[in-house]
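**Student:**
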Amino acid sequence: MLIVLIIFAYIFGIILSIIGLPPMVGFLLAGFAYNLAGFLPPTGLEEIANLGITLLLFSIGLKLDLKSLSKPEIWLGSTGHIIISTLLYFGVLYGLNHLSINSIFSMNITSLLILAFAFSFSSTVFAVKVLEEKGNMYAFFGKVAIGILIMQDIFAVIFLSASEGKVPGLPALGVLALPLIRPLLFKLLDLAGHGELLVLSSLFLALGVGAGGFSLMGLKADLGALVIGILVGKHPKASELSKAFFNFKELLLVAFFVSIGLKGTPSLLSIVISLSLCLLLPIKTSLYYLILSRFGLRTRSNLLASLSLANYSEFGL
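Per our numbering: the sequence shown = residues 326 to 642.
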């Protein structure tokens with residue numbers, strides 16, 4: 326069945342690319358089509374998709390300037406947007422719930438707040454993919470967008486930990502000692518050379534040291550990959566390291582988009598709801614623009630950063 330799924334992904338990716346849309350949209354549609362055709366999902370696809378997300382966050386860490394997160398437009402902008410956007414979406418959902426348009430909206434206040442909170446986030450995967458494809462990762466507006474996305478990911482980790490009743494234990498204090506292992510990580514990269522061992526080193530750092538280490542400490546695995554990426558981001562080989570596993574990461578991310586499509590066949594109601602949420606995207610984008618304008622960003626940079634964030638996050642799933 327994996328071969329069939331690859332064929333679906335290739336065909337839909339090519340078609341969407343020809344008509345000028347991102348191939349990732351085609352991969353999403355491929356998942357829907359595959360599911361609609363009645364095929365069973367390949368074993369392990371979800372795990373492969375998660376590996377793709379982990380490597381994506383590791384690659385972001387390699388390119389991320391940690392000081393940029395301390396800029397007011399990043400942490401105040403992301404915090405302000407989450408609060409205001411959550412209230413906005415809560416108002417919309419509460420109105421639908423009050424009107425009792427459909428039983429799907431028969432939720433209590435807490436459920437509506439959680440759903441509104443999820444809608445306030447933007448997609449790290451989608452935004453970074455688009456920025457990479459257009460070569461805007463290092464542009465000022467790209468850095469602003471990525472900084473806001475990273476802050477949102479941190480908020481998401483805190484929320485998920487709190488909602489599941491998970492409080493980081495004593496082992497989590499090991500995070501404070503991570504800077505001490507930077508010389509060791511640098512030495513490992515020096516020994517890796519420039520061939521296939523460098524690719525393997527990136528997987529070892531992202532999945533073994535980062536994701537694996539954070540999991541053992543009771544923390545989010547994806548966040549571990551991001552942190553380790555930041556730690557080795559100053560190494561002379563950081564750029565080469567990012568390029569070394571780029572294609573591998575992209576292939577795994579195909580599995581991520583396909584896996585979302587496999588989660589269910591869209592019904593008429595879900596399509597109507599999705600289109601309704603799309604109608605709210607201009608408001609979400611305008612909110613980003615208005616908040617960022619308070620920090621003196623130029624009109625062009627502000628607009629491009631806001632447009633980069635004009636989507637909904639996979640966190641909502």
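Note that the Cβ used here is the ideal one computed from N, Cα and C, for glycine as well.
Treat the numbers as computed from the prediction; the structure is a model and nothing was measured.
Check N461 in the structure and name its three-state DSSP category.
**Tutor:** Coil, per DSSP.
**Student:** Using the three-state DSSP reduction, which class does Y637 fall into: helix, strand or coil?
**Tutor:** Coil at Y637, not helix or strand.
**Student:** Which residue from L380, K562, Y359 and P397 puts its Cα closest to that of K512?
**Tutor:** Here the closest residue by C-alpha is K562.
**Student:** Report, in whole angstroms, the separation of the C-beta atoms of S617 and G402, which I expect to be a contact under 8 Å.
**Tutor:** Sequence inspection shows Leu at residue 617; the Ser mentioned does not correspond to that position. Contact holds; Cβ gap of about 6 Å.
**Student:** Taking T449 as the reference, give the member of K468, I434 and S436 with the closest Cα.
**Tutor:** The option with the nearest alpha carbon to T449 is K468.
**Student:** For the segment 528–536 against the segment 379–394, are there 3 or more C-beta pairs whose distance is under 8 Å?
**Tutor:** Because the criterion of three Cβ pairs below 8 Å is met, the segment 528–536 and the segment 379–394 touch.
**Student:** By how many angstroms is the C-alpha of F333 removed from the C-alpha of L541?
**Tutor:** Distance between the alpha carbons of L541 and F333: 37 Å.
**Student:** How should A470 be labelled, buried or exposed, when 16 other C-beta atoms within 10 angstroms of its C-beta is the threshold for buried?
**Tutor:** Burial call: buried.
**Student:** Which same chain residues end up closer than 7 Å to A580 when comparing Cβ atoms and leaving out the 5 residues on each side of it in sequence?
**Tutor:** Within the same chain, A580 has close Cβ partners L370, I373, A374 and G377.
**Student:** DSSP three-state call for P504: helix, strand or coil?
**Tutor:** Helix.
**Student:** Nearest-angstrom Cα distance between D478 and Y359?
**Tutor:** Their backbone Cα atoms lie some 30 Å apart in a straight line.
**Student:** Whole angstroms are fine: how far does the CA of G538 sit from the CA of K545?
**Tutor:** Straight-line Cα distance between these residues: approximately 10 Å.
**Student:** Indicate the three-state DSSP secondary structure (helix, strand or coil) for P607 in the structure shown.
**Tutor:** Of the three classes helix, strand and coil, the one that applies to P607 here is helix, per DSSP.
**Student:** Please identify the residue among L600, K568 and I555 whose C-alpha is closest to the C-alpha of V524.
**Tutor:** Ranking the options by Cα distance to V524, first place goes to K568.
**Student:** Checking 8 Å against the spacing of the C-beta atoms, do A466 and L634 come in under that value?
**Tutor:** Per the sequence shown, residue 466 should be read as Phe rather than Ala. For F466 and L634, no; Cβs fall outside 8 Å.
**Student:** Throw me the rounded Cβ distance for the F352 and V583 pair, which I believe falls under 8 Å.
**Tutor:** Their Cβ separation, rounded to whole angstroms, is 5 Å, which keeps F352 and V583 in contact under 8 Å.
**Student:** Measuring only the C-alpha atoms, how far is S447 from T368?
**Tutor:** Each residue's Cα considered, the two are about 29 Å apart.
**Student:** For L516, count neighbouring Cβ atoms within 10 angstroms of its own Cβ and tell me buried if that reaches 16, exposed if not.
**Tutor:** L516 should be labelled exposed.
**Student:** Given a threshold of 16 other Cβ atoms within 10 Å of its Cβ, counted over all protein chains shown, does P508 qualify as buried or as exposed?
**Tutor:** The residue in question, P508, is exposed, as its Cβ has fewer than 16 Cβ neighbours within 10 Å.
**Student:** For G610, which residues from the same chain have a beta carbon less than 8 Å from its beta carbon, with the 5 sequence-adjacent residues on both sides left out?
**Tutor:** It is worth fixing the name first, because residue 610 is Thr in this sequence and not Gly. Excluding positions up to five away in sequence, the list reads S631, L632, L634 and A635.
**Student:** Throw me the rounded Cβ distance for the T590 and F364 pair, which I believe falls under 8 Å.
**Tutor:** 12 Å between Cβ atoms; not a contact.
**Student:** Would you mind sorting N433 into buried or exposed? The rule is 16 or more other CB atoms within 10 Å of its CB.
**Tutor:** Under this definition N433 is an exposed residue.
**Student:** Rounded to whole angstroms, what's the CA-CA distance from G518 to G338? Just pull it up for me.
**Tutor:** If I take the Cα positions, the gap works out to 35 Å.
**Student:** Terminal residues of the continuous alpha helix (DSSP H) containing N375?
**Tutor:** Looking at the DSSP string, the run of the alpha helix (DSSP H) that includes N375 is L370 to K388.
**Student:** Going by C-alpha to C-alpha distance, which of L556, L474, A536 and S393 sits closest to A550?
**Tutor:** Among L556, L474, A536 and S393, the Cα nearest to that of A550 is on A536.
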